[in-house]
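S.K.: One structure is given below, represented as structure tokens, and several questions about it will come after.
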Amino acid sequence: MRFAVVRSSATGCEPNCPERISAEGAIEAGTPAQLKRMLKKLGRRKLPIIVSSPGGNVDAALQLGRIVRKNKLDIAVGTT
């Protein structure tokens, strides 16, 4: 899975366009560690996560859920 901070391109929102974390691709064993690194880089910023995934490793997916819950993040399925 690839994680990236993406910014809205809606007309007129600059300089305060909303940002979110894009999470795209299959969930693999290393995906939870990737998300933890991303969240560490963001510090106290709590951005919502938009997930687009065909599925993958169930244990890793459950770990992702725990990370999201622990950090009280909003999450949705969609594309960015």
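Just remember that our numbering sits 1 ahead of the position in the sequence shown, which is counted from 1.
Beta carbons are placed, not taken as given, at the ideal position from N, Cα and C, and that holds for glycine.
1. Given this structure, state the Cα-to-Cα distance separating Met2 from Ser54, to the nearest angstrom.
2. What is the residue span of the alpha helix (DSSP H) that Ala30 lies within?
3. Would you mind stating whether Ile22 and Ala62 have Cβ atoms separated by less than 8 Å?
4. If Lys73 sits next to Lys47, beta carbons under 8 Å apart, how far is it from one beta carbon to the other, in whole angstroms?
5. Short of 6 Å in beta carbon distance, which residues of its chain neighbour Val69, apart from the five on each side in sequence? Order them along the chain.
6. Let me confirm a value: Val52 is counted as buried when at least 16 other C-beta atoms fall within 10 Å, else exposed. Which label applies?
7. Considering only residues of the same chain and omitting the five flanking positions on each side of Ala24, which have a CB-CB separation below 8 Å?
M.R.: In short:
1. Residue numbering aside, residue 2 sits at position 1 when the sequence shown is read from its first letter. Residue numbering aside, residue 54 sits at position 53 when the sequence shown is read from its first letter. In a straight line, the C-alpha of Met2 is about 8 Å away from that of Ser54.
2. Mapped onto the sequence shown, residue 30 falls at position 29. Run containing Ala30: none; DSSP gives neither H nor E here.
3. As a working mapping, residue 22 is identified with position 21 in the sequence shown. As a working mapping, residue 62 is identified with position 61 in the sequence shown. No. Outside cutoff.
4. Taking the sequence shown and counting its residues from 1, the one referred to as residue 73 is at position 72. Taking the sequence shown and counting its residues from 1, the one referred to as residue 47 is at position 46. Confirmed, about 7 Å.
5. For the purposes of this step, residue 69 is identified with residue 68 of the sequence shown, where counting begins at 1. Around Val69: Ile76.
6. Translated into the one-based positions of the sequence shown, residue 52 becomes position 51. Label assigned to Val52: buried.
7. On the sequence shown, residue 24 is found 23 positions in, with the first residue counted as 1. So the list reads Met2, Arg3, Phe4, Leu36, Ile50, Ile51, Val52, Ser53, Ser54, once near-sequence residues are dropped.
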